[in-house]
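With mature numbering (1 follows the signal peptide of the UniProt record, and there is no 0) as the guide, the letters of the sequence shown map in order to residues -24 to -1, 1 to 305. Report on the following structure.
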Amino acid sequence: MKKSLFAAAALAGALTLTAIPVMADEPDYASMKIVLILPGSIDDQSWNASNNAGAKACDEALGTSIEVVESVPVEEFEATFTEYGEKGYDLVMSAGSQFDEACAAVAPGYPETTFTVINGQVSETENMVPVFPKEYEGSYLAGIVAGYATENGKFAVMGGESNAPMVKLMDTYEAAALGVCEERGIEGAEANRSFLNTWTDVSITKSMTDQMIDNGADTVFCYSNEGASGAVQSAEEKGATFVAFAANKNEESDCVAASLNMNWAGVYPWIIEGVAKGELTGAQQVGVKEGVFEALLTDNITDECKAAVEKAIEDISAGNVDFESMFSE
């Protein structure tokens, strides 16, 4: 399927979020002991796959050898962090806000190890350097696509679990989608929201999507890692449109109108470089301006929609979008 790509911003030179002077000597990245801990499978075609791709891009760019540990259950988070702290690793990375609590419990005991939670926001000690992607910026772009893709203004919105970042990204998605519907003159537009309480169960996700489409939704958004494939299956079978988030699902089905992909390939090297040089400290945030999100649009997308997405990218990068006004909490 032929696709169009709008990168949210060029990564080169964009990620300038630190102020500590760069060391004169380039670090020996190949000798660094680094691990990436994932809550799910690297084959999920979503969050875990995107982060794994970032680690592989870092290996290629910097010569690192990042160990990837996948499908770690919640009850083993602290033990896994402790294991790599005991081994004297330079950097322990994990992907998902669900790691925040375990990281805060373990990191103080290993001050020589840097702990980075991707999508985390807790930084209680100097060696905790969370990097939070402003997912609500990417979902806002997805909402614009959905607003142009819908015919009846009925949106099914699903997430793997209910947490503050998920609620915010749903808020901005819905605000954008409903805003476009208003501009298009679609009356009675509404978004129905559901939390699946699973990131991996395809059957549960498919069943919920079936129900929401049967209740009138013609456009589907689902952020639930492996589980999202169930939503794609449902949308395909029932003739609805799917807007993907966090990974590229454009080739998964013709029902996918676009994918708002998380581009970790440029962010991971930036993290490793910053940690190795001592430049990266405290909590960090990255978003559209830093190139974390890229809009992969299929040929099903109209020129009007493409122009709206481009304009939104420019506005977000310039700080001209008031996201705070869209948040429900």
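Built from N, CA and C at the ideal position, the CB exists for glycine as well.
**Request:** Indicate whether at least one CB of chain E lies closer than 7 Å to the CB of M184.
**Result:** Reference to chain E is not applicable here, since this structure consists of a single protein chain.
**Asked** Under three-state DSSP, which class holds E62?
**Response** As a first step, residue 62 must be located in the sequence shown, where it is residue number 86. The answer is helix: DSSP assigns E62 an H, G or I state.
**Item:** Alpha-carbon to alpha-carbon, Y149 and V232
**Value:** What you label residue 232 is simply residue 256 of the sequence shown in a count that begins at 1. What you label residue 149 is simply residue 173 of the sequence shown in a count that begins at 1. One C-alpha to the other measures close to 16 Å.
**Prompt:** Would you call the CB atoms of K9 and Y65 closer than 7 Å?
**Reply:** Locating residue 9 in the sequence shown gives position 33, where the first residue counts as 1. Locating residue 65 in the sequence shown gives position 89, where the first residue counts as 1. A contact, by the Cβ cut-off of 7 Å.
**Item:** Candidates D1, G61, A118 and Q74: closest to E51 by CA position
**Value:** Reading the sequence shown from its first residue, position 75 is the one you call residue 51. Ranking the options by Cα distance to E51, first place goes to Q74.
**Request:** Would you list, in sequence order, the uninterrupted beta strand (DSSP E) runs of no fewer than 3 residues that lie entirely inside the stretch 140 to 177?
**Result:** 166 to 171
**Proximity winner among P84, T90, F53 and S205, relative to G254 (alpha-carbon distances)** = Translated into positions along the sequence shown, residue 254 becomes position 278. It is T90.
**Message:** Between which two residues does the alpha helix (DSSP H) holding L273 run?
**Reply:** Locating residue 273 in the sequence shown gives position 297, where the first residue counts as 1. Per DSSP, L273 belongs to no alpha helix (DSSP H); it is in the beta strand (DSSP E), F269 to T274.
**Asked** Considering only the beta carbon of each residue, do G203 and T181 sit closer than 7 Å?
**Response** As a position in the sequence shown, residue 203 is number 227, starting the count at 1. As a position in the sequence shown, residue 181 is number 205, starting the count at 1. Against a cut-off of 7 Å, the Cβ pair of T181 and G203 comes out as a contact.
**Message:** Let's see if you can read the secondary structure: which residues bound the alpha helix (DSSP H) around L117?
**Reply:** As a working note, residue 117 is residue 141 in the sequence shown. Counting along the chain, the alpha helix (DSSP H) containing L117 begins and ends at E111 to A125.
**Prompt:** Do I162 and G119 have their C-beta atoms closer together than 7 Å?
**Reply:** Here residue 162 refers to the residue found at position 186 when the sequence shown is read from its first residue. Here residue 119 refers to the residue found at position 143 when the sequence shown is read from its first residue. It is not a contact, given that the beta carbons lie outside the stated cut-off.
**Segment limits, beta strand (DSSP E) that includes I277** = Residue numbering aside, residue 277 sits at position 301 when the sequence shown is read from its first letter. Looking at the DSSP string, I277 is not in any beta strand (DSSP E), and its letter there is neither H nor E.
**Prompt:** Once you ignore the five residues that flank P3 on each side, which residues in its own chain have a CB closer than 8 Å to its CB?
**Reply:** Here residue 3 is taken as the residue at index 27 of the sequence shown, counted from 1. Only E249, A252 and K253 meet the Cβ criterion.
**Nearest-angstrom Cα separation, counted from P84 out to A(-1)** = Sequence index remark: in the sequence shown, residue -1 carries index 24 (1-based). Sequence index remark: in the sequence shown, residue 84 carries index 108 (1-based). Note that A(-1) scores a pLDDT of 42, beneath 50, so its modelled location is shaky and nothing firm can be said.
**Prompt:** Quick one: what does DSSP say C225 is sitting in, helix, strand or coil?
**Reply:** On the sequence shown, position 249 is the one that residue 225 refers to. Reading the sequence as shown, one finds Lys at residue 225 and not Cys. Looking at K225 - three-state DSSP - the assignment turns out to be coil, as it is neither helix nor strand.
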